[in-house]
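A short worksheet on the structure shown next.
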Amino acid sequence: MSASSATLEAAPPRCGPASDISEISLLLPTWQIECLSELAQERGMNVAQLLRGMIREIVPQDEFSAN
Numbered sequence: 004m005s006a007s008s009a010t011l012e013a014a015p016p017r018c019g020p021a022s023d024i025s026e027i028s029l030l031l032p033t034w035q036i037e038c039l040s041e042l043a044q045e046r047g048m049n050v051a052q053l054l055r056g057m058i059r060e061i062v063p064q065d066e067f068s069a070n
């Protein structure tokens with residue numbers, strides 16, 4: 004397990020109220036969906052949880068919390 008996978012697994016939920024949530028759609032090749040699904044399953048997550056963890060690593064939430 005890499006350091007980044009440990010971070011994804013240990014990342015606490017940082018969601019605000021339900022009104023702060025938006026839905027996005029992704030168009031990905033089947034092989035990428037299969038890889039994401041397999042990776043998420045290996046970590047005991049679903050694909051949405053995996054992607055939210057990846058986004059948390061890339062997007063600094065502190066910059067947007069003040070808005």
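Numbering-wise, the sequence shown is residues 4 to 70 according to the working numbering.
Glycine included, C-beta positions come from ideal geometry on N, C-alpha and C.
- Residue Ser40 holds the alpha-carbon nearest to the alpha-carbon of Leu31 among Ser25, Ser40 and Ile24.
- Of the residues Glu60, Arg55 and Trp34, the one whose Cα lies closest to the Cα of Glu26 is Arg55.
- Taken in chain order, the complete alpha helix (DSSP H) segments of 4 or more residues contained in the segment 42-69 are 50-61 and 65-68.
- C-alpha of Val50 to C-alpha of Ile58: approximately 12 angstroms in a straight line.
- Here DSSP, grouped into helix, strand and coil, assigns Glu26 to coil.
- Ile36 and Leu42 have their C-alpha atoms spaced approximately 10 angstroms apart.
- Residue environment for Leu53: buried (at least 16 other C-beta atoms within 10 angstroms of its C-beta).
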